[in-house]
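Single-structure report; data block below.
Numbering (full-length UniProt numbering), first residue to last: 1 to 584.
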């Protein structure tokens, strides 16, 4: 916005310029920056400081009576949070014969001193900082319950969906002691082994006479307990199936515990792809014709890819060059109508893509048209609904989310969270996958291009509440997980949006290869399950670096494990540290 960085002139008429100069120059310490005489009938003087972003102008027209200040609340306020500076400024006014007056608004008397010039206009010297704009919407830690510890019972299907071609499903049960959520655990002070067992049953619907999926017990204060159940007892449906868990404490103290969840048990999909989210570990499983219709692990790694200058060329060769770098995914910044050849080629070479709905997510007719065009593609793995900064909390992101799942329950929905802590509960409710776009490299983290400071509530420095370090990435991922814990929510799958660009007055340079690798390695170590970098085309150096990193965790290499030490021939220590192995 151009006005955000504009120099300000505050102009005011007066009948007596000479009477004002002692107040503003001797008392406030302003310099005379310039003056003019008989300029189209006006005389004038400019006062201020050469380094300031503002100045005052007083003009006089002998044929016009400027009058005096209409009221006593016409104020010019200077914020002086440093006490020494404030005291010196007040003393300078008083030493030059200008005594403080009582303010019409008592607020200004509480936080500073008010002075009146020869025309009755007032200046306030405020011993306080300039009040930043607080946008609100911060997620705060919950208040501990006086009855803590509480037993907080949650359960969820292991995967976000099952197909009717699968014989079994799994359910995760958490029975965690919490200071914030749940119900009092009657045996919390007992040392008995049996008193630390939580018994439960899980039924379809809210009636205990309905289909029983699981019945067992778990140790109190444990999470990630897995139980299998027979899917053949259920009828596939495009709508979620409601589940209810009921549990009890020790027999001698029959406290009742209830929790609810949903199971998505879908009819077999005969064309196109299917994506599952792992509610235990956060990753993805993906199935399409290229995988032999078997679910295989997917760690999407690629770029948001521009239409202008890339996909608009209608050249599959540039897409193939991209894939040849080793990248396995893309989020094209276009739609089927404008780039049908590109999407067909994604399917042909099995380049997974996330479909971009940002431009029209507020228009549910647009959302419907786009989902119907994309949902049966072989390579689609998710939808990108919008960015947090483009949506208002609550609406319409959840409306689009609900429609998306009604039209295509076989693929998850992703959302980008731009801000560190802004209506997280509302925004995250509209997505299955949470992405963060922390772009910290080359920024000025303290002062914005708009001429304002950057702090928790004011200023835009290109990376919200960032320090300008690679560690901003893991810190943001940790924040998202922390907010989920504060809200008592089941954690969602998270992706990192790496920075692969510079410019726009915020970012002075591209990340180096080492910085790019470090940010992604840190992201993996803090829960990221994939990467969508902004933006392609990127520099050849960064494109090659990301392609090389993509091949690291999933490459066809041999592992050795001796003496508790993992060794990987030909891989640097950084890459080796990223490998995650689940041994069963």
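Yeah, the Cβ is synthetic: ideal placement off N, Cα and C, and Gly gets one too.
Proximity of residue i and residue j at Cβ, strictly below 7 Å
i           : j           : result
residue 196 : residue 219 : yes
residue 80  : residue 150 : no
residue 361 : residue 388 : no
residue 531 : residue 381 : no
residue 33  : residue 46  : yes
residue 461 : residue 444 : yes
residue 433 : residue 386 : no
residue 257 : residue 153 : yes
residue 408 : residue 371 : yes
residue 211 : residue 233 : yes
residue 364 : residue 543 : no
residue 14  : residue 91  : no
residue 496 : residue 523 : yes
residue 329 : residue 302 : yes
residue 44  : residue 7   : no
residue 400 : residue 367 : yes
residue 93  : residue 78  : no
residue 239 : residue 155 : no
Start-to-end residues for the alpha helix (DSSP H) that takes in residue i
i           : result
residue 88  : 83-95
residue 374 : 364-374
residue 484 : 472-487
residue 427 : 424-428
residue 590 : Absent from the structure is residue 590, since the part of the chain shown begins at 1 and ends at 584.
residue 18  : 17-21
residue 109 : 106-111
Cβ neighbour criterion (16 or more within 10 Å) applied to residue i
i           : result
residue 501 : buried
residue 441 : buried
residue 134 : exposed
residue 230 : exposed
residue 467 : exposed
residue 98  : buried
residue 213 : buried
residue 39  : exposed
residue 339 : buried
residue 50  : exposed
residue 263 : buried
residue 86  : buried
residue 165 : exposed
residue 504 : exposed
residue 534 : buried
Three-state class that DSSP yields for residue i in the structure shown
i           : result
residue 44  : strand
residue 320 : helix
residue 542 : helix
residue 523 : helix
residue 443 : coil
residue 453 : strand
residue 514 : helix
residue 12  : strand
residue 246 : strand
residue 159 : strand
residue 533 : strand
residue 507 : strand
residue 196 : helix
residue 333 : coil
residue 225 : strand
residue 265 : strand
residue 50  : coil
Endpoints, beta strand (DSSP E) assigned at residue i
i           : result
residue 213 : 212-219
residue 494 : 493-496
residue 382 : 380-387
residue 297 : 296-298
Cβ of residue i within 7 Å of any chain D Cβ
i          : result
residue 84 : Structure shown: chain D not included; a single protein chain is present.
query = How do the region 175-186 and the region 128-148 stand: do at least 3 beta-carbon pairs fall below 8 Å, yes or no?
reply = Per the Cβ contact rule, the region 175-186 is in contact with the region 128-148 (3 or more Cβ pairs under 8 Å).
inquiry  = With three or more beta-carbon pairs closer than 8 Å as the criterion, would you say the region 108-122 touches the region 61-72?
reply    = Counting C-beta pairs with one atom in each stretch, the region 108-122 and the region 61-72 have three or more that are closer than 8 Å, which means they touch.
key: Any 3 or more C-beta pairs closer than 8 Å across the region 52-63 and the region 98-105   = Touching, no, given that fewer than three Cβ pairs across the two stretches are closer than 8 Å.
inquiry  = With a threshold of 8 Å, are at least 3 pairs of Cβ atoms found where one atom belongs to the region 301-313 and the other to the region 329-341?
reply    = In this structure the region 301-313 lies against the region 329-341, because at least three pairs of beta carbons, one per stretch, are closer than 8 Å.
query = Should the region 344-353 be regarded as contacting the region 371-385, the criterion being three or more beta carbon pairs within less than 8 Å?
reply = When Cβ pairs closer than 8 Å are counted between the two stretches, the region 344-353 is seen to touch the region 371-385, the count reaching three or more.
ask   = So, do the region 468-484 and the region 409-428 have three or more beta carbon pairs nearer to each other than 8 Å?
value = Segments in contact, yes.
key: contact_flag[the region 436-454, the region 463-483] where n(CB pairs < 8 Å) is 3 or more   = Output reads yes: the region 463-483 touches the region 436-454.
task = Check whether the region 267-284 touches the region 243-250, taking contact to mean three or more Cβ pairs, one atom from each stretch, closer than 8 Å.
result = Judged by Cβ distances under 8 Å, the region 267-284 makes no contact with the region 243-250, as fewer than three pairs qualify.
request  = Pair every Cβ in the region 202-217 with every Cβ in the region 237-244, then say whether three or more of these pairs are closer than 8 Å.
outcome  = Verdict: yes, contact present.
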